[in-house]
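If you read the sequence shown in this note's numbering, its first letter stands for residue 37, the second for the next number, and so on. All C-beta atoms, glycine included, are put in the ideal place defined by N, C-alpha and C. Source: prediction; values computed, not measured.
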Amino acid sequence: MGLFSDSHLDNIVAIVFGEVDAFLTTKNAIVVSAMEQNAKAIFELYFAVEPPFGDGTKRNEFPDAFVISALVDWCHDRKEDLFVVTQDGLFLKACEEEPRLDAVECLSGLLNRVASDEAALADFLRTQILEHLEEIENRTKEDFESLGFHVEDEWGDAEVSVTKIELEGGPDLVDVTGTMVSAELRFDAEYDAYLSYDDSSTGSYDSEEGRLLYMEHKTETVNGTERLFVTVTASFQGMEELDFQLVDVDLTSPSAGFGIETEKNAGWPWK
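1. Determine the contact status of residue 224 and residue 202, defining contact as a CB-CB distance below 8 Å.
2. Using the three-state DSSP reduction, which class does residue 139 fall into: helix, strand or coil?
3. Do you know whose CA, among 212, 63 and 101, lies nearest residue 76's CA?
4. Hey, residue 187 and residue 298: beta-carbon distance below 8 Å or not?
5. From what residue to what residue does the beta strand (DSSP E) around residue 219 run?
6. Give the range of the alpha helix (DSSP H) segment to which residue 194 is assigned.
7. Please report how far the alpha carbon of residue 86 lies from the alpha carbon of residue 280, in whole angstroms.
8. Count Cβ pairs between the segment 208 to 222 and the segment 128 to 145 that sit closer than 8 Å; are there 3 or more?
9. Going by CA-CA distance only, name the one from 55, 51, 291 and 268 that's closest to residue 172.
10. So, with DSSP's three-state summary, where would you put residue 274?
11. Sort out for me which residues DSSP pairs residue 295 with in a bridge.
12. Ends of the alpha helix (DSSP H) at residue 164?
13. Nearest CA to the CA of residue 222: which residue from 129, 287 and 133?
14. Taking the beta carbon of residue 257 as the centre, do at least 16 other beta carbons fall within 10 Å, making it buried, or is it exposed?
15. Going by the DSSP bridge assignment, what does residue 256 pair with across the sheet?
16. Could you tell me whether the Cβ atoms of residue 285 and residue 176 are closer together than 8 Å?
17. What does the alpha-carbon distance come out to for the pair residue 184 and residue 265?
18. So, is residue 65 buried or exposed, given that buried needs 16 or more other C-beta atoms within 10 angstroms?
19. Could you name the residues of the same chain whose beta carbon sits closer than 8 Å to that of residue 292, not counting the 5 residues immediately before and after it, in chain order?
20. If I measure Cβ to Cβ from residue 139 and keep anything under 8 Å in the same chain, skipping five residues before and after, which residues do I get?
21. Closest by CA to residue 71, which one among 78, 62, 46 and 106?
22. Can you find the residues in the same chain that come closer than 7 Å, C-beta to C-beta, to residue 68, ignoring five residues on each side of it along the sequence?
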């Protein structure tokens, strides 16, 4: 017997859809249907391996393809342009081919354009944030290294040390209110991961105990890269450099540690 009866599930579904409809109504959201798109054109993109389709796991991006097609039709019908927010690289690339779709990697990139209306103040704030870049980088490195990592494909521990961190683009101003500013920065980080684990491929299976025994303990260092998203908060008084102060540096993504593969399995089965 299932956990819920059919009637109970129907009630739950009705409540969820009701909440969604209420949200869309109160926010004056426009729903763009992707149910009547030209499947032939989308399959042509698929067989040509053109964005949003790609190699490997990206071969099956049919939902993205239908969504992009629907957005393009919506824009052409209304003769309007549309901002698209996505961190999917192939989705971004597909939008670049469409004149009416202006894709940005994150919401802060879109909000940055709004905040940029105050051009002189915006330039001053970005400049001051960059003046504090070394401190921001150091705090970002510390936050990333302390997230807590583990060995993905074996039972073991992982410690990460950032070897290089580089700002990608410039600060995106997210909010300027009174004497406070929030901005998002993106960094590309390279790191060494120090792995310590018991190698299951060297052990012997004990059927009586139901576990592997006599595994060789290994340590190794693997290299990796990660895109880091950071929110910086600062206070200011007009455009006086001495009054600009960092308040907080918050690593927002990744927000938690993750598994790191051993060298023997790195990239498997796609390598």
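In short, the structure shows the following:
1. Translated into the one-based positions of the sequence shown, residue 224 becomes position 188. Translated into the one-based positions of the sequence shown, residue 202 becomes position 166. Result yes, Cβ atoms of residue 224 and residue 202 sit closer than 8 Å.
2. Locating residue 139 in the sequence shown gives position 103, where the first residue counts as 1. Residue 139: strand per DSSP, three-state reduction.
3. Taking the first residue of the sequence shown as 1, we reach residue 76 at position 40. Closest by alpha carbon: 101.
4. Taking the first residue of the sequence shown as position 1, residue 187 is located at position 151. Taking the first residue of the sequence shown as position 1, residue 298 is located at position 262. Yes; because the gap between Cβ atoms is below 8 Å, this pair is in contact.
5. The residue you call residue 219 lines up with position 183 of the sequence shown. Per DSSP, residue 219 belongs to the beta strand (DSSP E) from 216 to 235.
6. As a working note, residue 194 is residue 158 in the sequence shown. Careful: residue 194 lies outside any alpha helix (DSSP H), inside the beta strand (DSSP E) at 191 to 213.
7. Reading the sequence shown from its first residue, position 50 is the one you call residue 86. Reading the sequence shown from its first residue, position 244 is the one you call residue 280. Cα to Cα, the separation comes out at about 47 Å.
8. yes
9. As a position in the sequence shown, residue 172 is number 136, starting the count at 1. Checked all of 55, 51, 291 and 268; the closest Cα to residue 172 is 268.
10. Start at 1 with the first residue of the sequence shown, and residue 274 comes out as number 238. It is coil, neither helix nor strand.
11. Here residue 295 refers to the residue found at position 259 when the sequence shown is read from its first residue. According to DSSP, residue 295 bridges with 186.
12. Your numbering for residue 164 matches position 128 in the sequence shown. Looking at the DSSP string, the run of the alpha helix (DSSP H) that includes residue 164 is 155 to 167.
13. Mapped onto the sequence shown, residue 222 falls at position 186. Per the Cα distances, 287.
14. On the sequence shown, residue 257 is found 221 positions in, with the first residue counted as 1. Label assigned to residue 257: exposed.
15. Position 220 of the sequence shown holds residue 256. Under the DSSP definition of a beta bridge, residue 256 partners with 231.
16. The residue you call residue 285 lines up with position 249 of the sequence shown. The residue you call residue 176 lines up with position 140 of the sequence shown. Cβ distance < 8 Å, so residue 285 and residue 176 count as in contact.
17. For the purposes of this step, residue 184 is taken as the residue at position 148 of the sequence shown. For the purposes of this step, residue 265 is taken as the residue at position 229 of the sequence shown. Approximately 17 Å, taken between the alpha carbons.
18. For the purposes of this step, residue 65 is taken as the residue at position 29 of the sequence shown. Result: exposed.
19. As a working note, residue 292 is residue 256 in the sequence shown. Closer than 8 Å at the Cβ level, and outside the excluded window around residue 292, lie 183 and 184.
20. In the sequence shown, the residue the question calls residue 139 occupies position 103. Cβ neighbours of residue 139 beyond the five flanking positions: 119, 120, 121, 122, 127, 128, 131 and 132.
21. In the sequence shown, counting from the first residue as 1, residue 71 sits at position 35. Out of 78, 62, 46 and 106, 106 has the C-alpha closest to the C-alpha of residue 71.
22. Residue numbering aside, residue 68 sits at position 32 when the sequence shown is read from its first letter. Cβ within range, chain order: 106, 107 and 110.
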